[in-house]
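Protein chains in written order, with our numbering: chain V, 1 to 294; chain L, 1001 to 1062; chain W, 2001 to 2062.
Idealized CB from N, CA, C, for every residue including glycine.
Bear in mind that the values here come from a model prediction, so they are computed numbers and not experimental data.
Comments concern the structure below.
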């Protein structure tokens, strides 16, 4: 398909006039009509293209295993998911862990803790640890993307679990990878970050543990999460690289690591769509575009 | 086709099992909470008795 | 043979479902018990307060 010059011409044309999404949406609709769904094809699609927002939640649910590939089973499985949500949340209410005014994100955290047998004793409450805080940050962002609380809990739960299982071993190496790609893109900026001591105190937790939740606004964030959910944690590195490149001039003027950290932790929200677009291009450039037929 | 039927059944079974496992975790959490409450009740009962005794003594004429 | 596989899958799903329902009854019973305990604790707490108040008053000089 990709070799067809006619098609390439057409895609390029659409891209220019802003209709790029039309063709992609059609091809996704074809993939979504398959029964059972071809999960491989769906992940390839999400790796290559941004998901149309009307299909995003559905595709995420399939990719995260919240819905099985067989569409005939979706009703039955959705009912199980709903019941599981209700069972856990009502038990937490009975145990007085949560009340009517408890924020949804805190409810999700308690549910997640209960499911993992990590619920603290009510008589001995402990402050939220790093993992709890990461979970809460991801929940807060997911809440902005997903309206339905049942869907939202399941998406956070499975996102966090899948991220840990699939990428848990790779995450500690991402800062090194960032250094590598930054050296290729802008050695001068890297040298500055190194010499000022900032390189070791970049907001790695925000970037690589929270996957930019609380850093990027949802419209940009969901395009990054499309890639993470469909199987890439490398994309996180390229988003970080593009953030650094976009604010190069400003960063070159900060000589204190705390200053760099603080600026990057409270990133201006006006330019993030462009940053993500560039990051995805850079990621495709370095890691190649998945070439399965879609 | 047979594989397909099996895969579909597996998907449904997994969702059902996950729901069951969650219930088991709920049971455990509830039991822990109940246990704590019972021991709290016992402590309170015994301290209430301890409090009640001197109070009774105080009402007695000396 | 296909029917066989389907029947087996259905059987497994039903077994899982009934395990779930059984566990669910357990958690409902536990939740009821928990509710009762909480209200008992609250009654005791409030009666403890009620008892403590006149006692406090009694120590005040008249």
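Integer Cβ distance of residue 2017 of chain W from residue 1016 of chain L, believed to fall under 8 Å:
Start at 1 with the first residue of the third chain, and residue 2017 of chain W comes out as number 17. Start at 1 with the first residue of the second chain, and residue 1016 of chain L comes out as number 16. Yes, they are in contact, since the Cβ atoms of residue 2017 of chain W and residue 1016 of chain L sit about 6 Å apart, within 8 Å.
Kindly indicate the opening and closing residues of the alpha helix (DSSP H) around residue 207 of chain V.
Translated into positions along the first chain, residue 207 of chain V becomes position 207. First-last for residue 207 of chain V: undefined, no H or E at that position.
Per DSSP, which residues does residue 213 of chain V bridge with? Please list them.
Here residue 213 of chain V corresponds to residue number 213 of the first chain, with the count starting at 1. Looking at the DSSP output, residue 213 of chain V sits in a beta bridge with V:216.
Listed by chain order, chain V residues near residue 1028 of chain L by CB distance under 8 Å:
For the purposes of this step, residue 1028 of chain L is taken as the residue at position 28 of the second chain. The contacting residues are 117.
Starting from the beta carbon of residue 2033 of chain W, find every residue of chain L whose beta carbon is closer than 9 Å, and list them in chain order.
Walking along the third chain from the start, residue 2033 of chain W turns up at place 33. Going along chain L in sequence order, the residues near residue 2033 of chain W (Cβ under 9 Å) are 1030, 1034.
Please return the same chain residues whose Cβ sits closer than 7 Å to the Cβ of residue 269 of chain V, not counting the five positions on each side in sequence.
Within the first chain, the letter at position 269 stands for residue 269 of chain V. Excluding sequence neighbours, residue 269 of chain V sits near 217.
Hey, does residue 87 of chain V have any beta-carbon neighbour from chain W nearer than 8 Å?
Counting from one through the first chain, the residue named residue 87 of chain V turns up at place 87. Taking Cβ atoms only, chain W reaches closer than 8 Å to residue 87 of chain V, which makes this a yes.
Span separating the alpha-carbon of residue 110 of chain V from that of residue 245 of chain V:
In the first chain, the residue the question calls residue 110 of chain V occupies position 110. In the first chain, the residue the question calls residue 245 of chain V occupies position 245. Their Cα atoms are separated by approximately 39 Å.
Any alpha helix (DSSP H) of 4 or more consecutive residues that is wholly inside the stretch 224 to 280 of chain V:
234 to 246, 248 to 252, 257 to 265
So, residue 65 of chain V versus residue 211 of chain V, is the Cβ gap smaller than 8 Å?
As a working note, residue 65 of chain V is residue 65 in the first chain. As a working note, residue 211 of chain V is residue 211 in the first chain. It is not a contact, given that the beta carbons lie outside the stated cut-off.
Excluding the five sequence neighbours on either side, which residues of its own chain have a C-beta within less than 6 Å of the C-beta of residue 108 of chain V, listed in chain order?
Locating residue 108 of chain V in the first chain gives position 108, where the first residue counts as 1. So the qualifying residues of the chain are 139, 153, 156.
Does the beta-carbon of residue 99 of chain V have 16 or more other beta-carbons within 10 angstroms, so that it is buried, or is it exposed?
Within the first chain, residue 99 of chain V is the residue found at index 99, counting from 1. With fewer than 16 other Cβ atoms within 10 Å, it is exposed.
Closer than 9 Å by beta-carbon distance: list the chain V residues that pair up with residue 2024 of chain W, in chain order.
Working through the third chain from its first residue, we reach residue 2024 of chain W at position 24. Those are 83, 87, listed as they occur along chain V.
Using three-state DSSP, classify residue 143 of chain V as helix, strand or coil.
Within the first chain, numbered from 1, the residue matching residue 143 of chain V stands at position 143. It is helical.
Closer than 8 Å, Cβ to Cβ, to anything on chain W: give me those residues from the stretch 93 to 120 of chain V, in chain order.
94, 95, 96
Taking residue 77 of chain V as the query, report the chain L residues whose CB atoms sit under 9 Å from its CB, ordered along the chain.
The residue given as residue 77 of chain V occupies position 77 in the first chain. Those within 9 Å of residue 77 of chain V in chain L are 1011, 1012, 1014, 1015, 1016.
So which residues on chain L does residue 122 of chain V lean against when the C-beta distance must stay under 9 Å?
Residue 122 of chain V sits at position 122 when you count from the first residue of the first chain. Per Cβ cutoff of 9 Å: 1033, 1036.
Do residue 71 of chain V and residue 37 of chain V have their C-beta atoms closer together than 8 Å?
By 1-based counting over the first chain, the position of residue 71 of chain V is 71. By 1-based counting over the first chain, the position of residue 37 of chain V is 37. Yes, Cβ-Cβ distance for residue 71 of chain V and residue 37 of chain V is below 8 Å.
Compare the Cα-Cα distances from residue 124 of chain V to each of L:1028, L:1020, L:1032 and report the closest residue.
Start at 1 with the first residue of the first chain, and residue 124 of chain V comes out as number 124. Considering only alpha carbons, the answer is L:1032.
Buried/exposed call for residue 61 of chain V, threshold 16 Cβ in 10 Å
The residue given as residue 61 of chain V occupies position 61 in the first chain. The residue is buried, with at least 16 neighbouring Cβ atoms inside 10 Å.
Can you find a C-beta in chain L that's less than 8 Å from the C-beta of residue 149 of chain V?
Numbered from its first residue, the first chain carries residue 149 of chain V at position 149. So no, residue 149 of chain V is outside the interface.
Buried versus exposed, by CB contacts within 10 Å (16 or more), residue 238 of chain V:
For the purposes of this step, residue 238 of chain V is taken as residue 238 along the first chain, with counting starting at 1. The residue in question, residue 238 of chain V, is buried, as its Cβ has 16 or more Cβ neighbours within 10 Å.
Would residue 70 of chain V count as contacting chain L if we go by Cβ distances under 8 Å?
Position 70 of the first chain holds residue 70 of chain V. Chain L, which has a Cβ nearer than 8 Å to the Cβ of residue 70 of chain V, makes this yes.
When the Cβ atoms of the stretch 218 to 236 of chain V are set against those of the stretch 38 to 54 of chain V, are three or more pairs found closer than 8 Å?
Touching, yes.
Taking C-beta pairs closer than 8 Å, name the residues in chain W that residue 1068 of chain L reaches, listed in chain order.
Within the shown structure, residues of chain L are numbered from 1001 to 1062, placing residue 1068 of chain L beyond reach of any answer.
Between the Cα of residue 128 of chain V and the Cα atoms of V:144, V:105, V:146, V:149, which residue gives the shortest distance?
The residue you call residue 128 of chain V lines up with position 128 of the first chain. Of the listed residues, the one whose Cα sits closest to residue 128 of chain V is V:105.
Go through its chain and collect everything with a Cβ distance to residue 43 of chain V's Cβ below 7 Å, but skip five positions before and after it.
Mapped onto the first chain, residue 43 of chain V falls at position 43. So the qualifying residues of the chain are 63, 230, 231.
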